[in-house]
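Data block below; observations after.
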């Protein structure tokens, strides 16, 4: 059965192009032009995923729509945002959006994000999450807390390991600095975001990342947080 | 007031009487020549000390006293010896003339002292005013001078012409005025009415202050004009860009799309793909350019909100290097960072944009088989991130102007990238330094202010389980 995607955007041209593109990738596309319609159609049609523009040109905006959706629905939401609105992106993630894509975007990129979000939501629901992670030269045995790079075992401090675990168990998902801090150090560390940066730096060296050749496991989302590479 | 004015006269009378009494006791031992000489001395002293009026009075009183008490026959105004009469008359003339001259010399000396004092005040005031940068400073300097040097009881500077000051003391109003422009009214209150000289000094102080206010206003106007000129140059550059740099991709997109629409049947699938790729590519160029224009105008208007946080320069450089790999599929960036480079405060998103622009520019002039270098270091209270290229050097003129929008140099056009990088670095209170690379090439250095803080090397207390 085809997966159903609700596209919410106030620009008819963008809606039309997304409809063509996503239909081309084999999705069933429905659309809404404003926030109220988006909420109504979500309830009526129960789509599998929503692509939601942050600025809808009228009240409620994308952030408001996402917030009210999250009161009764866990349906995956990908927000469309504009370059430079880092704080809006962080806010969208905090109120429960699953990911965002910055306009103007490549449709291929959007499709990859849709795939990743759908895969994540289905595995999260499953009772037994994967016990190991493999990506490039990196191997993580979550059950036995073993990390190897190119077959060689790497020694990590407990904090470094927990940081890696939190990131690697959410492949492809953006985690804000604050969310990582809460998960690894605990909520009492409040605003010490710089711990996250220092430890990510250390961790990257131990994982032998080489950014000049784009060998990276932990990706930056400038101004927002980190994203573990997508495992396909 | 009246009594006070009479005091010098009383004083001189007392002196003359005291001398008369003293000399009367010695009248048998002294001659008339002794008497006149001593009295002449007293008259000169009084002239220097108390001025011309008391000197003249004491001259006449001395003349009468000598005649009455000291010249025979005593206790009459009759003079027995005609030679004594000659002495007395000569005494009177010499005392009057001498007293006048002495008093005049004394007054001139006092005037000169007063003038020197006033000039000293004016000199100090002018010197301080020349260093003042704001109207507030001028007001403070003027007020201080009037309090300290002119003993004003109250000083107020009212912003407009006119106004008044409370109190029953002697109040003076002076306009702070240069030409037609009035910068305010100076209201001062003194304990006593000012002399003509003091009033002149007050006016001179006020006009110096007015001139300083005038100078400050002219400076501010010149600065505003300079800012407007800069904004105007940017607008001209943007207009030039709109007419050429924006239109080129639009033209390509439009031609490609209409080719697709009209010639679809005749085009091979490969050609169709190529045209679609061109449209996508040109749209990206257009998007970058519009984004750059927006960013630059926001930076120049000071409307950019910095999202400052402790960030890693190495991470930033890594991001920029990874982008180059993604775009070119080649390792054209070498990263040189010391172990444990501390975190530096900056806006990650903006800094990445600045660095990417510099990297892109450096790669454009780097030989295809060579790599540029990104080097990070901390020196004193500065963090430095160098983008090192090994291409041709810049001429001094190019170096001075290369960060201007759409600068046309010998090696081609710069567009907006470097102007934006400079704007972003300066918004962080840093600077973009341009050096020669040893052995040839250009090195751009992002220099950011750096505060050494406690290192954040904090293991979690309870590494979260599960």
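Chains as they are written, first to last, in the numbering used here: chain S, 780 to 1011; chain H, 6 to 471. Here a beta-carbon is modelled for each residue, glycine too, at the ideal position from N, C-alpha and C. Note that the coordinates shown come from a computational prediction; the quantities given were computed from them, not determined experimentally.
Buried or exposed: residue i, going by 16 or more other Cβ atoms within 10 Å of its Cβ?
i                       : result
residue 455 of chain H  : buried
residue 858 of chain S  : buried
residue 1037 of chain S : With chain S represented from 780 up to 1011, any question about residue 1037 of chain S goes unanswered, as that position is not in the structure.
residue 470 of chain H  : Note on residue 470 of chain H: pLDDT 44, under 50, position unreliable in the model; the coordinate value appears next. Residue 470 of chain H comes out exposed.
residue 271 of chain H  : exposed
residue 823 of chain S  : exposed
residue 138 of chain H  : exposed
residue 301 of chain H  : buried
residue 231 of chain H  : exposed
residue 781 of chain S  : exposed
residue 395 of chain H  : buried
residue 156 of chain H  : exposed
residue 307 of chain H  : exposed
Find the nearest neighbour of residue i within the set the options, judged by alpha-carbon distance.
i                      : options                     : result
residue 351 of chain H : H/322, H/65, H/318          : H/318
residue 952 of chain S : S/972, S/872, S/882, S/976  : S/872
residue 260 of chain H : H/276, H/284, H/100, H/216  : H/284
residue 838 of chain S : S/815, S/923, S/877, S/821  : S/815
residue 925 of chain S : S/902, S/972, S/809, S/986  : S/986
residue 936 of chain S : S/965, S/930, S/981, S/788  : S/981
residue 129 of chain H : H/407, H/210, H/108, H/112  : H/210
residue 184 of chain H : H/205, H/163, H/199, H/220  : H/220
residue 286 of chain H : S/884, S/808, S/992, S/861  : S/884
residue 893 of chain S : S/1003, S/931, S/991, S/786 : S/786
residue 821 of chain S : S/1009, S/971, S/865, S/844 : S/844
residue 338 of chain H : S/840, S/913, S/989         : S/989
residue 833 of chain S : S/971, S/825, S/879         : S/879
residue 18 of chain H  : H/142, H/388, H/407, H/51   : H/51
residue 3 of chain H   : H/457, H/131, H/116         : There is no way to answer for residue 3 of chain H, as the model of chain H reaches only from 6 to 471.
residue 431 of chain H : H/163, H/408, H/290, H/370  : H/408
residue 225 of chain H : H/315, H/140, H/35          : H/140
residue 328 of chain H : H/273, H/360, H/305         : H/360
residue 874 of chain S : S/797, S/849, S/993, S/1008 : S/849
residue 917 of chain S : S/897, S/943, S/802, S/898  : S/943
residue 218 of chain H : H/142, H/228, H/255, H/288  : H/142
Within a Cβ cutoff of 8 Å, which residues of the same chain sit near residue i, ignoring the five residues on either side of it in sequence?
i                      : result
residue 21 of chain H  : 44, 47, 63, 66, 67, 70
residue 847 of chain S : 818, 839
residue 81 of chain H  : 73
residue 109 of chain H : 57
residue 991 of chain S : none
residue 336 of chain H : 330, 376
Go through its chain and collect everything with a Cβ distance to residue i's Cβ below 7 Å, but skip five positions before and after it.
i                      : result
residue 253 of chain H : none
residue 365 of chain H : 422
residue 85 of chain H  : 77, 78
residue 362 of chain H : 422, 423, 425, 426
residue 303 of chain H : 309
residue 483 of chain H : The structure shown does not extend to residue 483 of chain H, since chain H is modelled only from 6 through 471, so no value can be given for it.
Could you tell me if the beta carbon of residue i falls within a distance shorter than 7 Å of some heavy atom in the ligand ATP?
i                      : result
residue 396 of chain H : Because no ligand of any kind appears in the structure shown, any question about the ligand ATP cannot be addressed here.
CB-CB under 6 Å to residue i, same chain, minus the five flanking residues each way: which ones, in chain order?
i                      : result
residue 806 of chain S : 782, 784
residue 433 of chain H : 351, 453
residue 390 of chain H : 318, 381, 451
residue 25 of chain H  : 70, 74
residue 793 of chain S : none
residue 126 of chain H : 154
residue 59 of chain H  : 13, 14, 17, 51
residue 148 of chain H : 160
Which full runs of the alpha helix (DSSP H) of 4+ residues lie inside the region 871-922 of chain S, going along the chain?
Listed in chain order, the complete alpha helix (DSSP H) runs (minimum 4 residues) inside the region 871-922 of chain S are 886-904.
For the structure I just gave you, are there three or more beta carbon pairs, one from the region 280-288 of chain H and one from the region 259-272 of chain H, closer than 8 Å?
yes
Could I get the ranges of all uninterrupted alpha helix (DSSP H) runs contained in the region 927-956 of chain S, with 4 residues as the minimum, in chain order?
937-947
Can you list the alpha helix (DSSP H) stretches of 4 or more residues lying completely in the region 10-82 of chain H, in chain order?
The qualifying runs are 37-55, 57-70.
Are the region 345-361 of chain H and the region 393-408 of chain H touching, with three or more C-beta to C-beta distances below 8 Å?
no
Across the region 177-194 of chain H and the region 211-229 of chain H, are there enough close Cβ pairs to call them in contact, namely three or more that are closer than 8 Å?
yes
Ranges of the beta strand (DSSP E) found wholly within the region 152-234 of chain H, counting only runs of at least 3:
159-163, 175-183, 186-195
The region 289-300 of chain H touching the region 960-972 of chain S, judged by at least three CB pairs closer than 8 Å
no
Start-end ranges of the beta strand (DSSP E) lying completely within the region 271-347 of chain H, minimum 3 residues:
314-316, 338-341
Every unbroken beta strand (DSSP E) within the region 401-464 of chain H, with a cutoff of 3 residues, ordered by chain
436-441, 447-454
Do three or more CB pairs link the region 9-27 of chain H to the region 938-948 of chain S at distances below 8 Å?
no
Take every Cβ of the region 103-115 of chain H, pair it with every Cβ of the region 125-140 of chain H, and state whether three or more of those distances are shorter than 8 Å.
When Cβ pairs closer than 8 Å are counted between the two stretches, the region 103-115 of chain H is seen not to touch the region 125-140 of chain H, the count staying below three.
Between the region 318-328 of chain H and the region 994-1005 of chain S, can you find at least three pairs of beta-carbon atoms closer than 8 Å?
yes
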